[in-house]
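2 protein chains.
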Amino acid sequence: MSTSVRIGFLLFPDMLQLDFTGPYAVLAAGPDVEIRTIWKDTQPVRSSDGLSFFPNSLLTDCPALDVLCVPGGGGVQALLNDVEVLAFLAAQAKTCRYLCSICTGALILGAAGLLEGYKATTHWQSLDILPLFGAEPQSRRVVMDGNRISAAGVSAGIDMALTLAGLLWGRATAQGIQLGMEYAPEPPYAAGSPASAPPDVVEAALSRTETRQAARRKAATEAAERLRAASRGN
Amino acid sequence: MSTSVRIGFLLFPDMLQLDFTGPYAVLAAGPDVEIRTIWKDTQPVRSSDGLSFFPNSLLTDCPALDVLCVPGGGGVQALLNDVEVLAFLAAQAKTCRYLCSICTGALILGAAGLLEGYKATTHWQSLDILPLFGAEPQSRRVVMDGNRISAAGVSAGIDMALTLAGLLWGRATAQGIQLGMEYAPEPPYAAGSPASAPPDVVEAALSRTETRQAARRKAATEAAERLRAASRGN
Chain A
1 MSTSVRIGFL LFPDMLQLDF TGPYAVLAAG PDVEIRTIWK DTQPVRSSDG
51 LSFFPNSLLT DCPALDVLCV PGGGGVQALL NDVEVLAFLA AQAKTCRYLC
101 SICTGALILG AAGLLEGYKA TTHWQSLDIL PLFGAEPQSR RVVMDGNRIS
151 AAGVSAGIDM ALTLAGLLWG RATAQGIQLG MEYAPEPPYA AGSPASAPPD
201 VVEAALSRTE TRQAARRKAA TEAAERLRAA SRGN
Chain B
1 MSTSVRIGFL LFPDMLQLDF TGPYAVLAAG PDVEIRTIWK DTQPVRSSDG
51 LSFFPNSLLT DCPALDVLCV PGGGGVQALL NDVEVLAFLA AQAKTCRYLC
101 SICTGALILG AAGLLEGYKA TTHWQSLDIL PLFGAEPQSR RVVMDGNRIS
151 AAGVSAGIDM ALTLAGLLWG RATAQGIQLG MEYAPEPPYA AGSPASAPPD
201 VVEAALSRTE TRQAARRKAA TEAAERLRAA SRGN
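Chains as they are written, first to last, in this note's numbering: chain A, 1 to 234; chain B, 1 to 234.
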């Protein structure tokens, strides 16, 4: 298959850059790809760890996408009740072939009403928020349900993007991309999931992020109420 | 340990962005980190897949670094004989605690005369170039020899950076970073190394990159000759 594929990544302030740059590296290596980086304006968007990225498309002028990818991060809270962004996602979702999230980007899709009745995953600390949006949380690395593909936290976006590359371009092309980026991972520790990490490391992570998670749950609850109100209005 | 650590990443045109963004995501999550992104000017530097990054420091004004990381990519060829860049690296190498490379960034360290007598790794397609610089190629994911730490291709930079995080901040902090980015990888294919990938996928990769590898070997040969001439001059 050599048809051009138009792939869009939503950018937003305080996103996690690896949620975006990991899948981008995989998908940009595909044949005949057009990548859109999308935000409200074209000023550089600053991620939570300080790297900035240039959007090349606006929410208001982005053409219909074949694939839409939504990263996560600290900026998610602000987006859960941003009607302009949520309306953009809902409109694109009507026609795109694959609707993807990385990490807590799944919460944004949820707030846009796009995961109702779908199985999905997200960062392990936010799995319990998904049911607010009618999604069935799955503690798995990559979850595909219909045309929704969600990845667990941050680095899972690379696995998701390789899965997607296989769907878009076939197995051999996806394997060629994997070989090109020498993705035969060997983490030096077995600490990448709450099940494998030492209990004190998990405890420290939970305690360090308590305030953020509370803010996230609050914003998600508000978004879920708005969704229910809108659904009653229909 | 809570002493501030100053970490520098060399940026350059046509670098592979994940060589940079993967380790950056890991190291920026450390405690009390100052990160320098370094190039000849402060204009955005365009990576090979189209993402651009802002340098925040110049080769000429960057203070002494505790850690120096050099990514790789198509832009490596031009750097192998760029005396300004190579002199910067050699000067920083005299005082930095760890000198790191990701992917073909190892060739740049080699061209700066910094891998002579060291074991090192690089992207699998360029391992055979390392001996030109007196380095002993190792077909491993992460290689540490003295204060030189090298990673294999692209995604190996994440493994390297977690190893480095353990050295800088201790095991529990590195594990906390790994848990935060949910790095418990599950590649959908076993194709991340020439040994595991299907032979036709390896063959296609070799054939697709033949011209680039020839240019790389040519530039490396020239750089090695320059190094030998300089060494005879001493």
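Even for Gly, the Cβ is constructed at its ideal location relative to N, Cα and C.
Quick check on the burial criterion: 16 or more other C-beta atoms within 10 angstroms. Buried or exposed for residue i?
i	result
PRO122 (chain A)	Residue identity differs from the one stated: residue 122 (chain A) is Thr in this sequence, not Pro. Buried is the call here.
SER101 (chain B)	buried
PRO131 (chain A)	exposed
PRO187 (chain B)	buried
ALA230 (chain B)	exposed
GLU182 (chain A)	buried
ARG208 (chain A)	exposed
VAL83 (chain A)	exposed
THR163 (chain A)	buried
GLY110 (chain B)	buried
ASP200 (chain A)	exposed
ARG148 (chain B)	buried
THR37 (chain B)	buried
GLY157 (chain B)	buried
GLN240 (chain B)	Nothing about residue 240 (chain B) can be read from this structure; chain B reaches only from 1 to 234.
ASP41 (chain B)	exposed
Of all Cβ atoms in chain A, is any one closer than 8 Å to the Cβ of residue i?
i	result
THR163 (chain B)	yes
PHE53 (chain B)	yes
THR42 (chain B)	no
VAL202 (chain B)	yes
ASP49 (chain B)	yes
MET141 (chain B)	First, the amino acid is wrong: residue 141 (chain B) is Arg here, not Met. With 8 Å as the cut-off, ARG141 (chain B) counts as an interface residue toward chain A.
ALA205 (chain B)	yes
MET1 (chain B)	Because MET1 (chain B) carries a pLDDT of 45, less than 50, the predicted location of this residue cannot be relied on, and no value is offered for it.
Less than 8 Å between the CB atoms is what I'm expecting for residue i and residue j, so what's the real figure, rounded?
i	j	result
LEU65 (chain B)	ILE108 (chain B)	Incorrect: roughly 15 Å between the Cβ atoms, too far for contact.
SER48 (chain A)	LEU11 (chain A)	That belief does not hold up - the Cβ atoms of SER48 (chain A) and LEU11 (chain A) are roughly 12 Å apart, past 8 Å.
ALA87 (chain B)	LEU114 (chain B)	Contact doesn't hold; Cβ gap of about 12 Å is too wide.
SER150 (chain A)	ALA106 (chain A)	5 Å
PRO198 (chain A)	ALA205 (chain A)	Going by Cβ atoms, the distance from PRO198 (chain A) to ALA205 (chain A) rounds to 11 Å, so no, they are not a contact pair.
GLY50 (chain A)	SER155 (chain A)	No, GLY50 (chain A) and SER155 (chain A) are not in contact; Cβ-Cβ is about 19 Å, not under 8 Å.
CYS103 (chain B)	GLY134 (chain B)	Not quite, the Cβ-Cβ distance comes to about 20 Å (not below 8 Å), so this is no contact.
CYS69 (chain B)	GLY8 (chain B)	7 Å
SER193 (chain B)	ALA184 (chain A)	4 Å
GLY72 (chain B)	PRO13 (chain B)	Contact flag wrong, Cβ pair sits at about 13 Å.
LEU167 (chain A)	VAL5 (chain A)	The pair is not a contact, with the Cβ atoms about 11 Å apart (cut-off 8 Å).
ALA220 (chain B)	VAL26 (chain B)	Their Cβ separation, rounded to whole angstroms, is 28 Å, which puts ALA220 (chain B) and VAL26 (chain B) out of contact at 8 Å.
VAL142 (chain B)	ALA120 (chain B)	Actually they are not in contact, since the Cβ atoms of VAL142 (chain B) and ALA120 (chain B) sit about 11 Å apart, beyond 8 Å.
ASN81 (chain B)	ARG226 (chain B)	7 Å
PRO63 (chain B)	SER52 (chain B)	Contact doesn't hold; Cβ gap of about 24 Å is too wide.
Could you tell me whether the Cβ of residue i comes closer than 8 Å to any Cβ of chain B?
i	result
TYR98 (chain A)	no
GLY74 (chain A)	no
GLN17 (chain A)	yes
ILE7 (chain A)	no
ALA215 (chain A)	no
ALA93 (chain A)	no
ALA223 (chain A)	no
Is residue i close to chain E? Criterion is C-beta to C-beta, closer than 8 Å.
i	result
PHE20 (chain B)	Looking at the structure shown, chain E is missing, and the protein chains on hand are A and B.
Unbroken stretches of the beta strand (DSSP E), 3 residues or longer, contained in the segment 108 to 194 of chain B: 142 to 145 and 148 to 151
Residues from the segment 164 to 186 of chain B in contact with chain A, defined by Cβ distance under 8 Å: GLY166, ARG171, ALA172, ALA174, GLN175, GLY176, GLN178, LEU179, GLY180, MET181, GLU182, TYR183, ALA184, PRO185 and GLU186
Runs of 3 residues minimum, wholly inside the segment 5 to 64 of chain A: which ones carry the beta strand (DSSP E) assignment? 5 to 10 and 33 to 39
Taking a cut of 8 Å between CB atoms, which residues from the segment 12 to 36 of chain B lie near chain A? LEU16, GLN17, LEU18, THR21, GLY22, TYR24, ALA25, ALA28, ALA29 and ILE35
Taking a cut of 7 Å between CB atoms, which residues from the segment 103 to 132 of chain B lie near chain A? HIS123 and TRP124
Which residues, in order along the segment 146 to 163 of chain A, keep a beta-carbon less than 8 Å from a beta-carbon of chain B? ALA152, GLY153, VAL154, SER155, ALA156, ILE158, ASP159, LEU162 and THR163
Tell me which residues of the segment 186 to 197 of chain B have at least one Cβ-Cβ distance to chain A shorter than 9 Å, keeping chain order. GLU186, PRO187, PRO188, TYR189, ALA190, ALA191, GLY192, SER193, PRO194, ALA195, SER196 and ALA197
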